[in-house]
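Read in order, the letters of the sequence shown are residues -25 to -1, 1 to 984 in mature numbering (1 follows the signal peptide of the UniProt record, and there is no 0). C-beta atoms are modelled at their ideal positions from N, C-alpha and C, and glycine is treated no differently. Keep in mind it's a predicted model, so treat the numbers as computed, not measured. Here the structure comes first, spelled out in structure tokens, and everything after it is commentary.
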Amino acid sequence: MKKLKLMKFALVLSLFLAAATGAFAQQTIRVSGKVTDQRDEPVIAATIEGKKGKAITISDVEGNYSINVLPNDTLIVSFMGHLTREIPVNSQSVVNVELQENNKLIDEVVVVGYGQQKKVNLTGAVEVIKSDAVAKRASGQLSSMLQGLAPGVTVTQNSGQPGKDMGDIRIRGIGTINKASPLTIIDDIEGDINSIDPQMIESISVLKDAASSAIYGSRAANGVILIKTKRAKEEGVTINYNGYVGFQIPTELPQTVNAVEHMTYLNEAYRNSGKTPLYTDAYIQTYRDSMGVSKNLSLYPNTDWKRELLRGSGFQQNHFLSLMGGGKNVKVASSVGYFDQKGIIRNTGFTRYNFRINTDIKLSNRMKARIDTRVTYSNMVEPVQTIQTIFRTIPSYPANYVFKNTDGTWGEGWNNQNPVADVEEGGTTTAKNILMSINAGLNYEILEGLSIDVNYSPSFNPEYIHKFSTPVQKYNASGKALAKSVSYLDEVANRAFFHTFKALLNFNKSIMGHNISAMVGYQADYSNLTTLGAFRDDFTIPTFDVIDAGNIKNQRTSGTAYEYSLLSLFGRVNYDYQGKYLFEANIRRDGTSRFAQDSRFATFPSLSVGWRMSEEDFMQNMSDVVSNLKLRGSWGILGNQSLEGLNSYYPTKPTMNFTTGSTAYLFNGIQNLGAALTQLANEELRWEQTEMIDFGVDLQLFSKLSVSFDWYKKVTSNVLMQLDVPLTMGLLKPYQNAGKIENIGWELSIGYNTYFGKDFSFGINVGISDVMNKVLDMKLTSTSLLVNKEGYALNSLWGYEAAGLFGSQEEINSWATQFGALKPGDIKYVKQNTNNNQIGSDDEKIIGSTIPRFTYNAMVNMAWKGLDLNFLLQGVGKCDGYISTYGIMPFYNGSTIQYQHLDRYTEENKNVDAAFPRFTDGLANNIKNSSFWVKDASYLRLKNLQIGYTLPQATTRKVGVSKLRFNVSAQNLLTLTNFWKGYDVEAPVTDGGFYPQVKTITLGIDLSF
């Protein structure tokens, strides 16, 4: 019955529209034509409208259009990225239009906090990243795709593990020892940058200074990344498929010696240490004769641990399908994405599904609604044995230990550790994550230039972690079964609810060249997080991984609950006069539940000004040369209250531990439950505060060459940290405001885009930036490898200053006393404290900085007819790296060596400039943290290379296809560096226990209807 009524209603509506159209047609003429670009290619979805009437249409896939307008009307033809044209009709029935590309970008609109602005009117430091620059990267994490795309934005990808290969983003240095990642806003709502499908992104704006970020107040001290997703336009229905398949291989891995070489060089280390060699010459010779010949692999193994571990397929695929369309009143953009990445070792992988629907509804001429829904599901798998431990085995396990016996059983490995067996049969950890969110908004135009926008966004984010360890049966060379570990199951269920409500009042008015816009807003955020855990071990059936199947003897349960809220009032005023003189002011007042009542609220203001000198009358005779010249400056204050650790939600409250089970109090042999204070409170905690100034200039010449330069200084005070308290208190350290950090830097970007004839286009964008980080005040003391010392950068390297290798016993005798029985070829250290003649902890100093300096990138795009080539070069000009222990120190704790270790000091080659000290067994002197192990971590990397071919539209339109493009792409194809061989330079401080970055080769297709 409802269906019949709807059909009747549709019929009546159609007749009404037809009658209205016929009445209107009596006063108009029909104009047809074709819209093309400067290369005579049809422009699809160009907007054509009558200036005097309300008629509007768009061009089809062949660029053709047809519209009813008044005979004396004027056609307004526009398309994104092109100059808008106005053409008088003059009673013509055919009007063809050629659109020119708009290189001046005067009308380019940039997404900013809670709104958008014309790019030329920006007074803050905002970097815009085009969506196609991201979409061309074959990666599962959006954060890593931003690497090398914006000056001042440093992205470090120190892992290639599926599901954990995200980039560590830092905007204009590091200003805190707490959470230093930027705030990510997706369609005006805070979100996870890695939860969105890159193919659904329309634009990315990076807010780098206080003027552009202060509208987000306490969450913006580390910068802000704004992501706008694609929405449907009034262009009928568009279907797009974009996908690729490919494979991965590691960029770098250490090359270790074989079994005979290991035994030979280990004997050398024993002799150098005054010990009897572990292997006799006769045994080594027998081993050499039998290795690779004997069928008894258990007796004479020559295990290539790297080859045996890297048995994963490395297969990677991505598929994205979107359907967009609608009419005048309702527009829908829907998409589904699937990403699957297998690891280079077995039992590692990551799968993600993305579903998204963006809906825009015109309820009336003054009221609009939008409803965005999305669901993201991901599943990450990894071995129970940690990735750090697994990859540490590659450079450390000796080749003369067996991984698999001749009869196919698992060998005992080294020190009863067999990482290959653990990876394949030792159990897996799976992490399943679901993110469901709705973003609903209503916009009402109260008066012309005055509107209100109300938005509510709830989201639900459950996560389930299932870690099931199964015992692996291993056998020694004689076939004896070794003791097995106990199976166990550890399950954790996390659940998070997030709610955001905001209301905005927007005002815009132009009076005689004076353009004023203002916005005031209110926002409330609430988060609720709960965790529930369960543990049992000793499972009778090792394949039945259900908690109830485990032994109850050692069972454990755990649970936590947190909640957090943030209330905000904010506002912004923009003013410009004739587009010449620009002014912007922002203010935000935040109140957080994390702090005590007296310090709960704080205010974060900013001011910025700009002068578009190119719009002055005295510059007009140079307008053909100087397309745009703008000077700008800004000042502002930002805040931070995001902490690390379990007590980050209640740092001003004392915490208590409830005793249960084995931790309960025993009185007369009876367990008694209780509670104990575990952490001190500090109700005087205040916000971290970041003050920033920025000066910049934007220049565009000949509408082709653009240059932008910024200098900035930001100082973060009241840094939150946990300082030591007397051990006699028996309590954990409380948070205190006890630090001050400075970042001073500059950024330069240069872009050039041009055409050579109609067929060849060329574009290049180059960026370089530098930041000098310094700790101005730091009460926290540390003596580990990475320290924070006043006068130096955060996370500086700390250790002894090495002065090379000892060349003689006389030199050792005349030197300060060091560690152990030294001989020529050992590392010598510089005495810093002259009060004694003993090298000790008082001689340690800063020996390097791990913060990247002089980061640079070059992105090149070329196209000739349907063929295109683009590549991205990215690198770091100055940085120090440090590989330690198992990763680089020869025979550390009995491990093996790498071929690069052979460049060492020996009795036959007394080279004090050798790369490594003499081989020893357990000499403490040579494994101290020192500058000897510091290595240059600067690099240049071919981050991305893509070659594509787009079939001519004249061919594809015959089969109803508007676009068909094929491409081949490569990631991390080439790296130039002087870093330690076998280690990826983007993980410069490690012991070797990290999943290496991978080279990725893919084949892709982009198809649109």
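Ranked by Cα distance from A374, the first of D279, T361 and S309 is D279.
For S68 against Y40, the beta-carbon gap comes to about 13 Å, at or over 8 Å, which does not count as contact. The beta carbon of L457 sits closer than 8 Å to those of E387, N391, Q448, K449, Y450 and N451, all from its chain and outside the five residues before and after it, given in chain order. For R916, the enclosing beta strand (DSSP E) starts and ends at Y914 to T925. When the five nearest sequence neighbours on each side are left out, the beta carbons in the same chain lying within less than 6 Å of the beta carbon of I409 are those of Y352 and P437, in order along the chain. A distance below 7 Å between beta-carbons, with the five flanking residues on each side excluded, links M141 to the following residues of its chain, in chain order: Q116, S118, S119 and N169.
A912 and G968 do not touch by the CB rule: their CB atoms are close to 17 Å apart, not below 8 Å. Taking 7 Å as the cut-off, the Cβ atoms of P446 and S434 do not count as close. In this model, L755 and S156 are separated by some 22 Å (Cα to Cα). In the DSSP assignment, L284 falls within the unbroken alpha helix (DSSP H) covering W280 to L284. In this chain, the beta strand (DSSP E) harbouring T977 covers V973 to S983.
Of the candidates L45, V835 and S53, S53 places its Cα closest to the Cα of G38. Nearest Cα to I362 within the set P394, H489 and T226: P394. Taking a contact to require three or more Cβ pairs closer than 8 Å, the region 580 to 596 and the region 175 to 193 qualify as touching. With respect to N71, K9 sits close: the two C-beta atoms are nearer than 7 Å. Shown here, Q784 sits in a helix according to DSSP, grouped into three states.
According to the DSSP assignment, H441 belongs to the beta strand (DSSP E) that extends over L425 to S444. Contact check for I716 against T691 passes: the beta carbons are separated by less than 7 Å. Nearest C-alpha to A493 among S568, E722 and N481: N481.
Secondary-structure assignment with DSSP links G312 through a beta bridge to F295 and N329.
For L50, the number of other beta carbons within 10 angstroms of its own is at least 16, and it is reported as buried. Taking 8 Å as the upper bound for CB-CB distance, L541 and R564 are not in contact here, some 11 Å apart. Beta-bridge partners of V72 (DSSP): V10. The three-state secondary structure of S692, taken from DSSP, is strand. For F894, the three-state secondary structure derived from DSSP is coil. DSSP assignment within the region 856 to 910 yields no whole alpha helix (DSSP H) run of 4 residues or more. For R940, there is no enclosing alpha helix (DSSP H); the residue is found in the beta strand (DSSP E) stretching over K938 to T952.
Here I144 has S118, L121, V128, V130, S156 and P157 as same chain residues with Cβ atoms under 7 Å from its own Cβ, once five neighbours each way along the sequence are excluded. By the neighbour-count definition (other C-beta atoms within 10 Å, threshold 16), H876 is a buried residue. At a Cβ-Cβ threshold of 7 Å, G289 and I319 count as neighbours. Approximately 57 Å separates the beta-carbon atoms of R547 and G525; this is outside 8 Å, ruling out the contact. By the criterion of a C-beta distance shorter than 8 Å, Y861 is surrounded in its chain by R367, P370, S371, Y867, N868, S870, D966, G967 and G968, once the five residues flanking it on both sides are discounted. Secondary-structure assignment with DSSP links W586 through a beta bridge to Y556 and L606. Between F472 and N503, the C-beta gap is smaller than 7 Å, which places the two residues in contact.
The straight-line gap separating the alpha-carbon atoms of E357 and T405 is approximately 7 Å.
Going by C-alpha positions, G957 is about 41 Å away from T729.
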